[in-house]
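Number of protein chains: 2
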Amino acid sequence: MTTTYTISLLGFGGVNRALAELITQRNDEWQRDFGFRLVIVGVSDLALGSIIAPGGIDARVLTQTDFGRGGFAALSGGSADPRSLDVVRDAPADIVVEATYTDAITGEPALSHCRAALAAGRHVVTTNKGPVALAARALTAEAAREGLRFDYEGSVMSGTPVLRLARQALAGSGITGFKGILNGTSNFILGRMEAGLDFAAALSEAQAAGYAEADPTADVEGHDVRLKVVILANELLGADLAPSQVDCSGITALTPADIATVVSNGQRWKLIGSASRQTDGRVEARVSAECLPVTHPLTGVSGAVNAVTFTTQMLGDVTITGPGAGRIETAYALLSDIIALHRDRTAQMHQEAAE
Amino acid sequence: MTTTYTISLLGFGGVNRALAELITQRNDEWQRDFGFRLVIVGVSDLALGSIIAPGGIDARVLTQTDFGRGGFAALSGGSADPRSLDVVRDAPADIVVEATYTDAITGEPALSHCRAALAAGRHVVTTNKGPVALAARALTAEAAREGLRFDYEGSVMSGTPVLRLARQALAGSGITGFKGILNGTSNFILGRMEAGLDFAAALSEAQAAGYAEADPTADVEGHDVRLKVVILANELLGADLAPSQVDCSGITALTPADIATVVSNGQRWKLIGSASRQTDGRVEARVSAECLPVTHPLTGVSGAVNAVTFTTQMLGDVTITGPGAGRIETAYALLSDIIALHRDRTAQMHQEAAE
């Protein structure tokens, strides 16, 4: 039996474009291995416009055409306007895939996209840190009330399955805290500073290599990591933190001398996002540069790679290391959410039939 | 709703004793978090004897009494004889927990325990590499025919969830191979040799620290790793390998000079178990000491810690690092199998009711 999921893509930048490419390449494999196929019925993008196509859009056309500004207008069901809320409401999608830009203060427009999708009876999967850091609990509750899913594996460490590892494979292990290298740009810069560059030169290299944005503030001041710490602390430690409640500093104050001093001892400076449950039950979270001893499992994590070490009652430290960014890597996170949704939905359908 | 699972413990050494301790400490927590409790109704141990107690055995008595040889005879339903197959058949357990010693050649007596348990309609969870490396596919098929589970998270890396990570959280990522540090003893010895000791001195230290057995052959010649490579290759790459088909060498031929030479370049010798799917579809697997470059994610894994790096089509390399041994750590693997069984069984019960 094959299930077809119709999906709408909000944002057609690198991530959702990569998901569309995967659909062209792997629908048959997913049908064989998992029993589902994906069909795109809606797309919205600030630059390209929007498409509402209940009969399905050929993913090959989407990924292989060089659309200019407003270029979706040329397609059947297309418009030059990015009518994202119309796409959410009117394209008949089972699942809305939110991958627009992250606004760390308001979470908008992604937050409204997620709410509108759930209100319209559609599951939501997202890679967007904004709505997850600001409102994961409310959105999850909203989804549960409607018998829907709100999933966001890609909001932390792209497709490296940090959330699903903690929720499923470490169930019952007693997670009491975590420490993570959650920003590849800053980790790359620290590595280059260890090689002797000063901060400005290392940043230029990161920008040339495509790791750092023209405005690197969110990466090097820790703001990006802070959103991920909030997501992990709220999800894994049952906290209810807002980003503003997490003390946050970055790596800009570190000098080449600070770094050289510790390297000779085998230690390394890392930008660490961490949280832990205190004896009184409170969860304390922070983002700051920390000097890790040579024996810490995160000390060897180099370049743009990310990693999280969970502290558990049963296993001590367990660390997962993998990519923290990348088009295909982040698109895989969306796929992994859809695979999980499919597995749970199949079980749930049987359950409802039994009641 | 609370489900009570009755369990029989085969082998009452460190691991099953730790599971019994967890039962005394955490049954209420499991009831609250997952909806089940565990009750021990059978125990068998070569030294201590056996117990068959349909009404349940107080786990506190089991863990707090200092039983001598044949000491189970003093308990109600007890005997000085280790009648393991009687316990499997006659103790009314939902789940048989196999944690006797590993025989790498025949898998016995564990293999017969597993078969008898499945034939008696009981689920099996095990930490025993022998039956898993030799017969996981047959036992899994046998279990499936009877609507039962055969699970073995603890057969590789104790409770570090390497199997469940690969099966669930990395589903659809396209795993094409893996490399692992799968034996803590040899990794500890290599670390001490990096600090300047020769093999014999490093081995003595490992034995003094409790890492190495009196007969360290299985650890230092790679035989222990070979079983784990077979388990992972068969499970994750769909291979059908027997241990004898895997080329295997250990760390005994490495000299302090071999090790010192590479350390100065930032490289490290590691005992690596690996497998990968070749372009012709065959799976090649091996165990050997490898000189890893400073950039490899396994290079920084020190001491008795274990780790596996999966190579995937979607994410590149993803590495999980954690304990590879330990009483509580391995007992947690059994618990994690029972949690997974409970989650799936709950879904399956609904499914059967629907049909």
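In order, the protein sequence lines correspond to chains U and L. Per UniProt numbering, residue 1 is the first one in the first sequence, and the count goes up by one each step. Per UniProt numbering, residue 1 is the first one in the second sequence, and the count goes up by one each step. Just so you know, even glycine gets a beta-carbon here, dropped at the ideal spot from N, CA and C.
Strictly below 9 Å CB to CB, what residues from chain U border residue i?
i	result
P293 (chain L)	Per Cβ cutoff of 9 Å: no residues; P293 (chain L) is ~11 Å from chain U at best.
Spatial neighbours of residue i within its chain, please: CB distance less than 7 Å, with the 5 preceding and 5 following residues excluded, ordered by chain position.
i	result
A200 (chain L)	none
I328 (chain U)	A18
D67 (chain L)	Asp is not the amino acid found at residue 67 (chain L); the sequence shown has Phe there. If we look at F67 (chain L) and ignore the five residues flanking it on each side, its Cβ neighbours are L48.
V166 (chain L)	The identity of residue 166 (chain L) in the sequence shown is Ala, whereas the question assumes Val. Only I175, L236, F310 meet the Cβ criterion.
R83 (chain U)	S44, S50
At 8 Å on the CB atoms, spell out the chain U contacts of residue i, in chain order.
i	result
S264 (chain L)	Near S264 (chain L) there are no residues of chain U at all, since even the closest Cβ is about 14 Å away, more than 8 Å.
R164 (chain L)	Q168, A169
S112 (chain L)	Simply none; closest approach about 30 Å.
A209 (chain L)	The premise fails here: A209 (chain L) is roughly 16 Å from chain U at the closest Cβ pair, so nothing lies under 8 Å.
Just tell me which of the options has its CA closest to the CA of residue i.
i	options	result
L275 (chain L)	L:I57, L:F72, L:P243	Correcting the residue type first, residue 275 (chain L) is Ala in the shown sequence and not Leu. Of the candidates L:I57, L:F72, L:P243, the one whose C-alpha sits nearest the C-alpha of A275 (chain L) is L:P243.
L271 (chain L)	L:G222, L:I7, L:Q313, L:L241	L:G222
T261 (chain L)	L:T312, L:G49, L:M193, L:E146	L:M193
R345 (chain U)	U:D94, U:T102, U:N265	U:D94
S79 (chain U)	U:I51, U:I57, U:A289	U:I51
P256 (chain U)	U:D198, U:S264, U:G250	U:D198
R69 (chain L)	L:D81, L:V61, L:T63	L:D81
G210 (chain L)	L:I105, L:R226, L:V43, L:I189	L:I189
A100 (chain U)	U:S44, U:S76, U:A91, U:E153	Ala is not the amino acid found at residue 100 (chain U); the sequence shown has Thr there. The residue with the shortest Cα to Cα distance from T100 (chain U) is U:S44.
R149 (chain U)	U:W269, U:R167, U:T126, U:T279	U:T126
E113 (chain L)	L:V96, L:A104, L:A202	Correcting the residue identity first, residue 113 (chain L) is His in this sequence and not Glu. The residue with the shortest Cα to Cα distance from H113 (chain L) is L:V96.
T295 (chain L)	U:I251, U:Y332, U:G191, U:A289	U:G191
A144 (chain U)	U:A74, U:S84, U:A119, U:D86	U:A119
G14 (chain L)	L:D224, L:V263, L:L334	L:L334
R277 (chain L)	L:E290, L:A233, L:A253	L:A233
L292 (chain U)	U:S264, U:H342, U:T279, U:E284	U:S264
L111 (chain U)	U:I259, U:R343, U:V220, U:L10	U:L10
A304 (chain U)	U:G184, U:T330, U:E284, U:L254	U:G184
L62 (chain L)	L:A104, L:S84, L:N16	L:N16
G56 (chain U)	U:L46, U:Q64, U:V39	U:V39
CA-CA distance, residue i and residue j?
i	j	result
R26 (chain U)	A59 (chain U)	11 Å
R122 (chain L)	Q267 (chain U)	51 Å
G300 (chain L)	L182 (chain U)	19 Å
D28 (chain U)	A171 (chain L)	15 Å
V133 (chain U)	P54 (chain L)	At residue 133 (chain U) the sequence reads Ala, which differs from the Val that was named. Answer to the nearest angstrom: the Cα atoms are 50 Å apart.
L236 (chain L)	V230 (chain L)	10 Å
A307 (chain U)	S249 (chain U)	19 Å
T4 (chain U)	A214 (chain L)	58 Å
residue 363 (chain U)	I320 (chain L)	The structure shown does not extend to residue 363 (chain U), since chain U spans only 1 to 355, so no value can be given for it.
T106 (chain U)	G130 (chain U)	8 Å
G77 (chain U)	G316 (chain L)	37 Å
R137 (chain L)	R115 (chain U)	45 Å
F36 (chain L)	A340 (chain L)	12 Å
A18 (chain L)	V162 (chain U)	28 Å
G281 (chain U)	A239 (chain U)	10 Å
T140 (chain U)	E146 (chain U)	10 Å
S173 (chain L)	W30 (chain U)	11 Å
M157 (chain L)	Y332 (chain L)	11 Å
A204 (chain U)	P216 (chain U)	Going by the sequence as given, residue 204 (chain U) is Ser instead of Ala. Those two C-alpha atoms are separated by around 10 Å.
A135 (chain L)	A74 (chain L)	36 Å
V287 (chain L)	A218 (chain L)	12 Å
Strictly below 9 Å CB to CB, what residues from chain L border residue i?
i	result
V318 (chain U)	G159, T160, P161, I320, T321, G322, P323
A233 (chain U)	Chain L residues near A233 (chain U): none, gap ~19 Å exceeds 9 Å.
Strictly below 8 Å CB to CB, what residues from chain L border residue i?
i	result
I339 (chain U)	A171, G172
Can you find the residues in the same chain that come closer than 6 Å, C-beta to C-beta, to residue i, ignoring five residues on each side of it along the sequence?
i	result
F310 (chain L)	I175, F178, V318
N187 (chain L)	I181
D151 (chain U)	V125, D337
residue 380 (chain U)	Examination of residue 380 (chain U) is not possible in this model, given that chain U is present from 1 through 355 alone.
L85 (chain U)	A116
T102 (chain U)	N128, K129, G130
Name, please, each residue of chain U whose Cβ falls closer than 7 Å to the Cβ of residue i.
i	result
T176 (chain L)	Result: empty, since nearest Cβ-Cβ is about 14 Å, beyond 7 Å.
T2 (chain L)	Simply none; closest approach about 16 Å.
P297 (chain L)	T321
L335 (chain L)	G172
S302 (chain L)	T295
List, in order along the chain, the chain L residues whose C-beta lies closer than 7 Å to that of residue i?
i	result
A260 (chain U)	Ordered by position in chain L, no residue passes the 7 Å Cβ test against A260 (chain U), which lies about 17 Å from the chain.
L315 (chain U)	G159, T160, G322, P323, E329, Y332
G42 (chain U)	None at all; the shortest Cβ gap to chain L is about 23 Å.
Looking only at its chain, what residues have a beta carbon closer than 8 Å to the beta carbon of residue i, apart from the 5 residues adjacent to it on each side?
i	result
T2 (chain L)	Q31, G35, F36, R37
Entirely enclosed alpha helix (DSSP H) segments - the segment 30-102 of chain L, minimum 4 residues: 59-64, 84-90
Length at least 4, wholly inside the segment 298-355 of chain U: the alpha helix (DSSP H) runs in chain order: 327-354
Segments assigned beta strand (DSSP E), at least 3 residues, entirely inside the segment 252-281 of chain L: 268-277
Completely contained beta strand (DSSP E) runs for the segment 146-209 of chain U, where each covers 3 or more residues: 175-181
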